[in-house]
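Novice: Numbering (our numbering), first residue to last: 8 to 178. C-beta atoms are modelled at their ideal positions from N, C-alpha and C, and glycine is treated no differently. Keep in mind that this is a model prediction, so the values were computed, not measured.
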(Lines of atoms letter the chains of each structure in order from A; the text may use other names.)
(Lines give C-alpha, C1' and ligand atoms only; values in the text may rest on other atoms or scores of the structure.)
Protein backbone atom coordinates (compact mmCIF):
# COMPACT_ATOMS: atom_id res chain seq x y z
CA UNK A 8 0.00 0.00 0.00
CA UNK A 9 0.93 3.59 -0.62
CA UNK A 10 0.87 5.98 2.26
CA UNK A 11 0.88 9.78 1.99
CA UNK A 12 2.53 11.53 4.78
CA UNK A 13 2.73 15.25 5.32
CA UNK A 14 5.71 16.36 7.28
CA UNK A 15 4.72 17.78 10.65
CA UNK A 16 6.45 21.13 10.12
CA UNK A 17 4.52 21.84 6.86
CA UNK A 18 1.01 21.16 8.22
CA UNK A 19 0.65 24.28 10.48
CA UNK A 20 1.82 26.54 7.67
CA UNK A 21 -0.86 25.24 5.31
CA UNK A 22 -3.54 25.72 7.97
CA UNK A 23 -2.40 29.28 8.66
CA UNK A 24 -2.36 30.01 4.93
CA UNK A 25 -5.89 28.59 4.50
CA UNK A 26 -7.25 30.59 7.46
CA UNK A 27 -5.60 33.78 6.20
CA UNK A 28 -7.15 33.35 2.74
CA UNK A 29 -10.60 32.67 4.24
CA UNK A 30 -10.41 35.77 6.46
CA UNK A 31 -9.31 37.87 3.49
CA UNK A 32 -12.24 36.64 1.36
CA UNK A 33 -14.77 37.35 4.14
CA UNK A 34 -13.32 40.84 4.76
CA UNK A 35 -13.41 41.66 1.03
CA UNK A 36 -17.05 40.52 0.89
CA UNK A 37 -17.97 42.77 3.83
CA UNK A 38 -16.28 45.77 2.19
CA UNK A 39 -18.09 45.15 -1.12
CA UNK A 40 -21.47 44.83 0.61
CA UNK A 41 -20.87 47.96 2.69
CA UNK A 42 -19.91 49.99 -0.39
CA UNK A 43 -22.92 48.72 -2.31
CA UNK A 44 -25.45 49.69 0.35
CA UNK A 45 -23.82 53.07 1.07
CA UNK A 46 -24.44 54.30 -2.48
CA UNK A 47 -28.22 54.38 -1.84
CA UNK A 48 -30.30 57.51 -1.23
CA UNK A 49 -28.62 60.67 -0.03
CA UNK A 50 -28.79 61.75 3.58
CA UNK A 51 -30.79 64.75 4.72
CA UNK A 52 -27.75 66.95 5.07
CA UNK A 53 -26.52 66.38 1.53
CA UNK A 54 -29.76 67.06 -0.35
CA UNK A 55 -29.81 70.58 -1.76
CA UNK A 56 -31.77 72.65 -4.21
CA UNK A 57 -35.36 73.82 -4.29
CA UNK A 58 -38.24 71.40 -3.89
CA UNK A 59 -40.36 71.20 -7.06
CA UNK A 60 -43.80 72.76 -6.60
CA UNK A 61 -42.93 74.76 -3.47
CA UNK A 62 -45.09 77.85 -2.91
CA UNK A 63 -43.55 81.25 -2.16
CA UNK A 64 -44.71 84.38 -0.31
CA UNK A 65 -47.28 86.34 -2.28
CA UNK A 66 -49.09 83.27 -3.58
CA UNK A 67 -52.60 82.87 -2.11
CA UNK A 68 -52.11 79.20 -1.13
CA UNK A 69 -48.88 80.11 0.69
CA UNK A 70 -50.49 82.89 2.69
CA UNK A 71 -53.49 80.66 3.52
CA UNK A 72 -51.49 77.78 5.02
CA UNK A 73 -48.57 79.71 6.53
CA UNK A 74 -50.71 80.73 9.51
CA UNK A 75 -51.09 77.05 10.50
CA UNK A 76 -47.36 76.38 10.82
CA UNK A 77 -45.60 77.11 14.10
CA UNK A 78 -41.86 77.34 14.65
CA UNK A 79 -41.23 77.02 18.40
CA UNK A 80 -38.48 76.55 20.99
CA UNK A 81 -35.79 77.87 18.66
CA UNK A 82 -32.30 77.74 20.14
CA UNK A 83 -28.98 78.75 18.67
CA UNK A 84 -25.59 77.54 19.84
CA UNK A 85 -22.02 77.80 18.72
CA UNK A 86 -19.95 74.79 17.74
CA UNK A 87 -16.93 73.77 15.73
CA UNK A 88 -16.74 71.33 12.85
CA UNK A 89 -13.94 68.90 12.02
CA UNK A 90 -12.06 71.65 10.17
CA UNK A 91 -12.05 73.68 13.41
CA UNK A 92 -14.18 76.48 11.92
CA UNK A 93 -17.05 78.02 13.86
CA UNK A 94 -20.59 76.88 13.06
CA UNK A 95 -23.99 77.97 14.31
CA UNK A 96 -26.41 75.20 15.24
CA UNK A 97 -30.03 76.35 15.09
CA UNK A 98 -32.67 73.92 16.33
CA UNK A 99 -36.34 73.97 17.23
CA UNK A 100 -39.71 72.40 16.51
CA UNK A 101 -42.06 72.62 13.52
CA UNK A 102 -45.75 72.07 14.29
CA UNK A 103 -48.41 71.59 11.62
CA UNK A 104 -51.60 72.99 13.15
CA UNK A 105 -53.55 72.79 9.90
CA UNK A 106 -55.67 70.05 8.38
CA UNK A 107 -53.35 69.11 5.51
CA UNK A 108 -50.11 67.16 5.21
CA UNK A 109 -47.05 69.40 5.01
CA UNK A 110 -44.57 67.96 2.48
CA UNK A 111 -41.87 70.63 2.47
CA UNK A 112 -40.95 73.68 4.51
CA UNK A 113 -38.28 76.20 3.61
CA UNK A 114 -36.90 78.58 6.25
CA UNK A 115 -34.90 81.78 5.91
CA UNK A 116 -32.53 82.08 8.87
CA UNK A 117 -30.74 85.38 9.53
CA UNK A 118 -27.95 85.71 12.11
CA UNK A 119 -26.83 89.03 13.55
CA UNK A 120 -23.66 90.21 15.24
CA UNK A 121 -23.29 92.06 18.54
CA UNK A 122 -23.89 95.40 16.76
CA UNK A 123 -27.23 94.14 15.29
CA UNK A 124 -25.83 94.02 11.77
CA UNK A 125 -26.73 91.10 9.51
CA UNK A 126 -23.91 88.59 9.88
CA UNK A 127 -25.06 85.55 7.93
CA UNK A 128 -28.20 84.50 6.08
CA UNK A 129 -29.21 81.04 4.91
CA UNK A 130 -32.17 79.42 3.20
CA UNK A 131 -32.69 75.89 4.50
CA UNK A 132 -35.27 73.19 3.87
CA UNK A 133 -35.46 71.11 7.06
CA UNK A 134 -38.61 69.32 5.89
CA UNK A 135 -38.45 67.91 2.37
CA UNK A 136 -39.94 64.86 0.66
CA UNK A 137 -36.62 63.41 -0.56
CA UNK A 138 -34.68 63.45 2.73
CA UNK A 139 -34.91 62.52 6.37
CA UNK A 140 -38.05 60.66 7.37
CA UNK A 141 -39.38 60.98 3.79
CA UNK A 142 -42.91 61.38 4.98
CA UNK A 143 -45.02 64.51 5.26
CA UNK A 144 -45.71 66.26 8.54
CA UNK A 145 -49.21 65.10 9.41
CA UNK A 146 -51.90 67.47 10.74
CA UNK A 147 -51.25 68.32 14.41
CA UNK A 148 -47.84 66.63 14.27
CA UNK A 149 -44.70 68.16 15.75
CA UNK A 150 -41.18 67.44 14.51
CA UNK A 151 -37.78 68.78 15.49
CA UNK A 152 -35.30 70.36 13.09
CA UNK A 153 -31.63 71.29 13.18
CA UNK A 154 -29.75 73.53 10.74
CA UNK A 155 -25.97 74.04 10.68
CA UNK A 156 -24.58 77.30 9.34
CA UNK A 157 -20.83 77.37 8.69
CA UNK A 158 -18.17 80.08 8.80
CA UNK A 159 -19.64 82.17 11.61
CA UNK A 160 -18.03 85.48 12.57
CA UNK A 161 -16.35 86.01 15.92
CA UNK A 162 -18.91 88.68 16.90
CA UNK A 163 -21.99 86.54 16.22
CA UNK A 164 -24.76 87.06 18.77
CA UNK A 165 -26.60 83.75 19.40
CA UNK A 166 -29.39 85.62 21.21
CA UNK A 167 -30.43 87.46 18.04
CA UNK A 168 -31.64 85.51 15.05
CA UNK A 169 -34.65 85.67 12.78
CA UNK A 170 -36.49 82.72 11.28
CA UNK A 171 -39.26 83.12 8.74
CA UNK A 172 -41.06 80.69 6.48
CA UNK A 173 -39.97 81.37 2.90
CA UNK A 174 -41.61 78.42 1.16
CA UNK A 175 -43.95 75.52 1.77
CA UNK A 176 -45.66 72.67 0.01
CA UNK A 177 -48.72 70.84 1.29
CA UNK A 178 -51.22 68.27 0.07
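Between which two residues does the alpha helix (DSSP H) harbouring residue 68 extend?
Specialist: Translated into positions along the chain shown, residue 68 becomes position 61. Start and end: 67-73.
Novice: Using the Cα positions of residue 57 and residue 33, report the straight-line distance between them to the nearest angstrom.
Specialist: If you number the chain shown from 1, residue 57 lands on position 50. If you number the chain shown from 1, residue 33 lands on position 26. A straight-line Cα-Cα distance of about 43 Å links residue 57 and residue 33.
Novice: Find out if the Cβ-Cβ distance for the pair residue 70, residue 178 is shorter than 8 Å.
Specialist: By 1-based counting over the chain shown, the position of residue 70 is 63. By 1-based counting over the chain shown, the position of residue 178 is 171. No. Outside cutoff.
Novice: Starting from the C-beta of residue 149, find all residues in its chain whose C-beta is less than 6 Å away, skip the five residues before and the five after it, and write them out in chain order.
Specialist: Walking along the chain shown from the start, residue 149 turns up at place 142. So the list reads 100, 102, once near-sequence residues are dropped.
Novice: Which value, in whole angstroms, describes the spacing of the CA atoms of residue 151 and residue 20?
Specialist: Along the chain shown, one-based indexing puts residue 151 at 144. Along the chain shown, one-based indexing puts residue 20 at 13. Roughly 58 Å separates the two Cα atoms.
Novice: Taking 8 Å as the cut-off, decide whether the C-beta atoms of residue 86 and residue 96 are in contact.
Specialist: Translated into positions along the chain shown, residue 86 becomes position 79. Translated into positions along the chain shown, residue 96 becomes position 89. Going by C-beta atoms, residue 86 is nearer than 8 Å to residue 96.
Novice: Take residue 120 and list the residues in its own chain whose beta-carbon comes closer than 7 Å to its own, dropping the five residues that flank it on each side.
Specialist: The count along the chain shown starts at 1 and reaches residue 120 at position 113. Excluding sequence neighbours, residue 120 sits near 126, 160, 162, 163, 164.
Novice: Straight-line CA distance for residue 166 to residue 84?
Specialist: Your numbering for residue 166 matches position 159 in the chain shown. Your numbering for residue 84 matches position 77 in the chain shown. Cα to Cα, the separation comes out at about 9 Å.
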